[in-house]
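Protein chains in written order, with my numbering: chain A, 1 to 192; chain B, 1001 to 1192. Worksheet for the structure shown next.
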DNA sequence: GTCTATAGAAAGATAGAC
DNA sequence: GTCTATCTTTCTATAGAC
C-alpha cells in the first residue's frame, strides 16, 4: 500500500473515532461536522475527501464502534466463558460506560437527544421515570414478591425493547425482540 | 375561567399533543417548531405565546405525555392487579406502540435519532444489533440453558439501562438502576 | 488531501399588524 | 392570541488554492 493511502486511512480512522466519541456524548444531531473535524484536529473541508455526507459518517461510525468493542476477540484465553460474559455485563452496565469513560456501545448511539444537555428536561425525565417504576410497583406488590430493584430492570428492558424495535430494519427480528421482552418481563414481574 | 383563557388552554393542549406525536416519531432534533405548529394547525408565530423556547416545550411534552398514559387511572375496576399489569406489558411491548399507533411513552422520546429516517443507518444498526446478540449467545450456550430469545430481552435491558442512566438526574437512582440490570441480566444469562 | 472561503438552506426567535 | 415578515445563527456542502 502506497504511503499516501496509509495516510488517508489514518485520517479516516481519526475522523471515525472522533465521531464515535462525540455522537455517544451528544447525539448525532447535536454534533456538527465542524465539531467532528476539530476534535480530530482537522478542518471541515477535509471531511468530504473521506465521506460523502454526514449520514454516511453516522452509518460508518456504528460499524466502526462495533469493531472497536471487539466483544469476542478480546477474551483472555485463561478465562471461562461464563466469567467472560459476567465481566462484559459488569463493564457494559457500569458507570464508566454510562459516563463514556470506556468504549461506547454504538447501539446506544441513538438514545441520546437534547435531554443530555438541558437540566430542565433531565429533571422532567427523571421524575417521569421514577413515577413509571412506582406505578408498576404499586400494582405488583399486591400479588408478587418482585422487588423494586427488579422492576427497575424490567422498565429498562421495556424502554430498550421499544427503542431498539423502532430502529430495526427487519420485521422478524423486531417481532422476536418484542415477544421475548414480553415473556421475560412477565416472568420477572410474576415473581418467578 | 374567562373564555379567552379557555381558548388559550385548548391551543396549548393542541400544541403539546402535536409535539408528543412528532417527537415520538422523529425525535426532538428532527422536528422544528414549524412542524409542531403546522401539525397543530397554527403558525410559527403563535408558538411563543405558549412556550418560551423549544426546550421548554420538550420538558412540558414529557410531562404531558406522562399524564396522557395515566398508567394507574385507567384500570377497570373488575380487573385484578396482575391481569392489569400483564395487559400493560402487552400493550407497551406491542407493534402498535412501536409504530406509534397507541399513546407513545415519553421515556422512549429520547431514543429516536436520525436512524429512523435513514435506511443505510437502519441497516448498519440492525446488523450490529444482531451481531451483539449472536456474540453473547456464542458464549453462553457453552454453559447455560439460556435461549436466544432470552438473550434478546437481556440485550434490550442492557441498552435501555445505559440509555436511561445517561438521561437521569439523580446519581442514586442511576446506580440502583445499573445494579439492578446487572443482577437481573446475570440471573437470566446464568440460566436461572 | 487538506486548507480557507463561501454559497445556500434551515430553523430558533422576535417585531409589529390585526 | 394568532398572523406574516424578518433577523440572525448555524450548519451542510461545494469551490478553488496549495
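Every residue, glycine too, gets a C-beta built ideally from N, C-alpha and C.
Interface flag, residue i vs chain A, CB-CB below 8 angstroms
i                       : result
residue 1092 of chain B : yes
residue 1254 of chain B : Residue 1254 of chain B falls outside the range modelled here, since chain B spans only 1001 to 1192, and no answer is possible.
residue 1125 of chain B : yes
residue 1078 of chain B : no
residue 1096 of chain B : no
residue 1114 of chain B : Low confidence applies to residue 1114 of chain B: its pLDDT is 46, below 50, so where it sits in the model is not reliable, and the reading given next is rough at best. Yes, contact with chain A.
residue 1103 of chain B : no
residue 1026 of chain B : no
residue 1165 of chain B : yes
residue 997 of chain B  : The structure shown has nothing for residue 997 of chain B, since chain B only spans 1001 to 1192.
residue 1031 of chain B : no
residue 1004 of chain B : no
residue 1057 of chain B : no
residue 1173 of chain B : yes
Cutoff 8 angstroms: residue i Cβ touching any chain B Cβ
i                      : result
residue 12 of chain A  : no
residue 7 of chain A   : no
residue 37 of chain A  : no
residue 106 of chain A : yes
residue 22 of chain A  : no
residue 50 of chain A  : no
residue 18 of chain A  : no
residue 118 of chain A : yes
residue 15 of chain A  : no
residue 129 of chain A : yes
residue 47 of chain A  : no
residue 170 of chain A : yes
residue 42 of chain A  : no
residue 145 of chain A : no
residue 137 of chain A : no
Pairwise C-alpha distance: residue j and residue i
i                       : j                       : result
residue 176 of chain A  : residue 1052 of chain B : 43 angstroms
residue 25 of chain A   : residue 73 of chain A   : 25 angstroms
residue 1010 of chain B : residue 1090 of chain B : 32 angstroms
residue 107 of chain A  : residue 1027 of chain B : 16 angstroms
residue 1162 of chain B : residue 1004 of chain B : 45 angstroms
residue 1152 of chain B : residue 149 of chain A  : 20 angstroms
residue 1131 of chain B : residue 1102 of chain B : 30 angstroms
residue 173 of chain A  : residue 1138 of chain B : 18 angstroms
residue 78 of chain A   : residue 109 of chain A  : 32 angstroms
residue 48 of chain A   : residue 95 of chain A   : 36 angstroms
residue 1136 of chain B : residue 1087 of chain B : 30 angstroms
residue 1093 of chain B : residue 97 of chain A   : 26 angstroms
residue 1145 of chain B : residue 1187 of chain B : 12 angstroms
residue 1165 of chain B : residue 119 of chain A  : 14 angstroms
residue 1016 of chain B : residue 1060 of chain B : 8 angstroms
residue 1019 of chain B : residue 8 of chain A    : 44 angstroms
residue 13 of chain A   : residue 1121 of chain B : 19 angstroms
residue 1114 of chain B : residue 1126 of chain B : Here the model assigns residue 1114 of chain B a pLDDT of 46, short of 50, so the residue's position is not dependable, and the following value carries that caveat. Cα to Cα, residue 1114 of chain B sits roughly 14 angstroms from residue 1126 of chain B.
residue 67 of chain A   : residue 1171 of chain B : 31 angstroms
residue 193 of chain A  : residue 1191 of chain B : Here chain A covers residues 1 to 192 and nothing more, so residue 193 of chain A does not appear.
residue 32 of chain A   : residue 80 of chain A   : 43 angstroms
residue 1006 of chain B : residue 1021 of chain B : 23 angstroms
residue 1183 of chain B : residue 1057 of chain B : 37 angstroms
residue 984 of chain B  : residue 1050 of chain B : Residue 984 of chain B is absent from the structure shown; chain B starts at 1001 and stops at 1192.
Start and end residues, alpha helix (DSSP H) containing residue i
i                       : result
residue 186 of chain A  : 171-189
residue 1046 of chain B : Here residue 1046 of chain B belongs to no alpha helix (DSSP H), and DSSP marks it neither H nor E.
residue 1099 of chain B : Residue 1099 of chain B -> no alpha helix (DSSP H), and no H or E assigned at all.
residue 216 of chain A  : Absent from the model: residue 216 of chain A. The displayed extent of chain A is 1 to 192, so no value can be given.
residue 1156 of chain B : 1148-1167
residue 1090 of chain B : 1081-1092
residue 33 of chain A   : 33-39
Nearest-angstrom Cβ-Cβ length linking residue i and residue j, presumed shorter than 8 angstroms
i                       : j                       : result
residue 1178 of chain B : residue 85 of chain A   : About 17 angstroms; that fails the 8 angstroms criterion.
residue 104 of chain A  : residue 65 of chain A   : 7 angstroms
residue 29 of chain A   : residue 1029 of chain B : 3 angstroms
residue 1181 of chain B : residue 156 of chain A  : 5 angstroms
residue 193 of chain A  : residue 1128 of chain B : Residue numbering for chain A in the displayed model covers 1 to 192; residue 193 of chain A lies beyond these limits and cannot be assessed.
residue 1169 of chain B : residue 123 of chain A  : 5 angstroms
residue 999 of chain B  : residue 1159 of chain B : Absent from the structure is residue 999 of chain B, since the part of chain B shown begins at 1001 and ends at 1192.
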